[in-house]
Amino acid sequence: MFTPIIDSLLIFSIITPIIGFFTKKKSSCLICGVVSIGGYIVSMAYLLHLLPQIFRNPIRIPVKASLVSTSIIIDVPGSLMSLLALALGLFVTIYSIRFMERDSGTPLYYSLILAMITGIVGASYSGDLFTLFIFWELMCITSYVLVGFRRNVKESVEAAIKYMLMSGVGSATILFGMSLLYGLTGTLNLPRIALSLKAGEGGPWLYTSLGMLITGFGIKAAIVPLHVWVPDAYAAAPSPISAVIAGASTELAVFVICKLLFFIFPAIKVSWIEFFAAFAVLNMILGNIAGLLQSDVKRMLAYSSVAHIGYIFIGIAAGTKLGLTAALLHIFNHGLMKALAFLCIGAIIYRIGARNLEDLAGVGRKMPITSTAFTIAVLGLIGMPPLNGFISKLILFMSCLDSGMLWLGILLIIFSAVSTGYYIRILKALIAAPRNEKFNDVKEAPILILIPICCLAFLVILLGIWPDLILRFAEESSLWLMEVERYV
Amino acid sequence: MPSFSAYLACAIILYIIGLYCLVTKRNLIRLIMGMEILVNAAHINFIALSAYWVPGFIDPLARSIVMISIGLAGCVGAVLLSFTVYAYRHYGTLDVRRMRELRG
């Protein structure tokens, strides 16, 4: 149909519930989990196999059966995003085999995660707005169901409804913005839109369309006035789902915003640079201050996500090649770190069933591997030197200096310091608190939960001490996004 | 035959009606209807713009995206309605302002 990268995910997403239908209810969680892991491995292997070819030239998959020509372009920036999504999908599926064993309907759960990853991969590879919108909606609809997956819990239904209402408005706004863009240029193909907008001046309709697209994608990306669904949805969803939404789906929204801005709208760059600088500051202020006030660890991590989206916007506001590289690098690194943090807190919830700071005090001594990994994630989010968060924050700061926005760089450092306040509170509760009697029979998390946590922690450290590979990848991606002529 | 700008104005008015409905109404079912109005505003805009570029020719691309988008809007509506049923079971009301378990 499209390309084996997307096809294998789709096919496995269809066969997983069929296999689940024929297996016994007791073992269906394990069997369907193993089957759906196959989908990620096939897809990732094919992507890694294609990677050297992609670096030379993007691969076009035209579906030209009719007049309606839609296209998927397998290019470097899309590969960066889909590698992140596939890795997170794989880890989260391994993790869910033990985490979701007490729930019913797990075959559908794995199928929905596969469909969501399909949406993310397809949207990051999309070559026109039509394909982008369809895969975007695929991701949205599956994530609504996944957030409200535990439908017997009051708060998860409420969070799902809030999330759906806001995100549904976002999708409609995106469609309206796309229709205006289509009216201005007469095509939906991204490179062709970019070429036809490069020549002309920006009229009022172009600004309206840009505003609508940014609003629509910004709801998913948690730009500050539109972020209200984030803490509810992240806190109420099952932890693996929080990890994949925070790590891949929000990042996809930011990635699409980067792609639209630098690809389609470079002609009116002056107007959106200041806008994004303002929203970066707003996101950092609100995310970090609200994070300080929380007592629920998952809500705290959700607000830290809002703050990190602000850091990524600094790279967009810089508007240079270095800024875009930094933004893409932080998208990748933040996805890994935030997913790791959510998976660790999920392991603790799996063992003790509580997520308030006071209830967690002292549990770190009983779960040493989980709390070590959690410490690594939190130190990475702060931006400690040997971890990957430091590298991307450093390059974000350098990009500010490069484009003469020193004040933005200084704000980045100040708010990183402010954020340390609540990260250290979590660490203090986990590790420094005295031994608690009620945790005497708490054991370390099971091995299937520890494997993805250890892999992600290893990646966070590895990309911190040896960032060359991913840095080159991000640099090449930003080159592709800044030069439209290479696609034509 | 009404001019092109009439269709555009119609789409924008529909969009504003949808937003108004989402902001002021409290019943979940009405909110879902407001969302459908929003999506339909975008559909009308697409169809109107598809006939704008070449006189006498209607671009099939816009029609296909509108048809698929109608299907997608149906999916979103179905998921929302099914969650509405669960919300009614938990809260005993469809008033969104009474659903306030999550705060902060």
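Protein sequences, first through last, are from chains A and B. So the mapping is simple: this note's numbering equals the position in the first sequence, first residue as 1, plus 59. So the mapping is simple: this note's numbering equals the position in the second sequence, first residue as 1, plus 3. Don't be surprised by glycine CBs; every beta carbon is placed ideally from N, CA and C. These numbers were taken from a predicted model, which means no experiment stands behind them.
What's the C-alpha gap between residue 349(A) and residue 361(A)?
10 Å
Between residue 214(A) and residue 292(A), how many whole angstroms is the CB-CB distance? I'm expecting something under 8 Å.
Incorrect: roughly 10 Å between the Cβ atoms, too far for contact.
Kindly indicate which three-state DSSP category residue 461(A) falls into: helix, strand or coil?
helix
Any C-beta of chain A under 8 Å from that of residue 34(B):
yes
Given this structure, state the Cα-to-Cα distance separating residue 271(A) from residue 233(A), to the nearest angstrom.
6 Å
Determine whether the Cβ of residue 70(B) lies closer than 8 Å to any Cβ atom of chain A.
no
Cα-Cα separation, residue 132(A) to residue 119(A):
5 Å
In its own chain, which residues sit with a C-beta less than 6 Å from the C-beta of residue 45(B), not counting the 5 before and 5 after it?
none
Locate the alpha helix (DSSP H) running through residue 19(B), then write down its first and last residues.
7 to 27
Applying the criterion that 16 or more other CB atoms from any shown protein chain within 10 Å of the CB defines a buried residue, is residue 543(A) buried or exposed?
buried
Is any beta-carbon of chain B found at less than 8 Å from that of residue 590(A)?
With chain A covering only 60 through 547, there is no way to say anything about residue 590(A).
Per DSSP, residue 119(A) forms a beta bridge with which residues?
132(A)
Sort out for me which residues DSSP pairs residue 478(A) with in a bridge.
Bridge partners of residue 478(A): none, in fact.
One question on the structure: do residue 455(A) and residue 393(A) come within less than 8 Å of each other, judged by their Cβ atoms?
no
Helix, strand or coil: which one does DSSP assign to residue 127(A)?
Only weak support is given to the placement of residue 127(A): the predicted model assigns it a pLDDT of 49, under 50, and the value that follows is read from those uncertain coordinates. Correct three-state label for residue 127(A): coil.
Segment contact, 8 Å Cβ cut-off, at least three pairs: the segment 131 to 146 of chain A with the segment 176 to 183 of chain A
yes
So which residues on chain B does residue 302(A) lean against when the C-beta distance must stay under 9 Å?
Neighbours of residue 302(A) on chain B: none; closest Cβ ~19 Å, over 9 Å.
For the segment 270 to 287 of chain A and the segment 232 to 249 of chain A, state whether three or more C-beta atom pairs, one from each stretch, are separated by less than 8 Å.
yes
Please check the pair residue 332(A) and residue 378(A), which I expect to be a contact at CB under 8 Å, by giving their CB distance rounded to whole angstroms.
5 Å
Do the CB positions of residue 413(A) and residue 508(A) come within less than 8 Å of each other?
no
Have a look at 301(A), 263(A) and 323(A) and flag the residue whose alpha-carbon is nearest the alpha-carbon of residue 186(A).
323(A)
Using a threshold of 8 Å, state whether the C-beta atoms of residue 402(A) and residue 298(A) are closer than that.
yes
Nearest-angstrom Cβ-Cβ length linking residue 441(A) and residue 479(A), presumed shorter than 8 Å
5 Å
Classify residue 98(B) as helix, strand or coil using the three-state DSSP reduction.
strand
List the residues of chain A whose Cβ lies closer than 8 Å to the Cβ of residue 48(B), in chain order.
235, 238, 239 and 242
Apart from the five residues on each side of it in sequence, which residues of its chain come closer than 8 Å, Cβ to Cβ, to residue 90(A)?
78, 79 and 82
What residues of chain B sit near residue 219(A), judged by a beta carbon separation below 8 Å?
86
By Cβ distance, which residues of its chain are closer than 7 Å to residue 357(A), with the 5 residues on each side in sequence left out?
293, 294, 301, 404 and 414
Using three-state DSSP, classify residue 248(A) as helix, strand or coil.
strand
Fully enclosed by the segment 373 to 400 of chain A, which beta strand (DSSP E) runs are 3 residues long or longer?
none
Distance check for residue 99(A) and residue 146(A), CA to CA, integer angstroms please.
8 Å
In three-state terms, what does DSSP make of residue 62(B)?
coil
If contact is defined by three or more beta carbon pairs under 8 Å, each pair taking one atom from either stretch, is the segment 261 to 269 of chain A in contact with the segment 278 to 292 of chain A?
no
Are the beta-carbon atoms of residue 539(A) and residue 250(A) separated by less than 8 Å?
no
Pick helix, strand or coil for residue 86(A), following the three-state DSSP scheme.
coil
Would you call the segment 195 to 208 of chain A in contact with the segment 524 to 531 of chain A, where contact means no fewer than 3 C-beta pairs closer than 8 Å?
no
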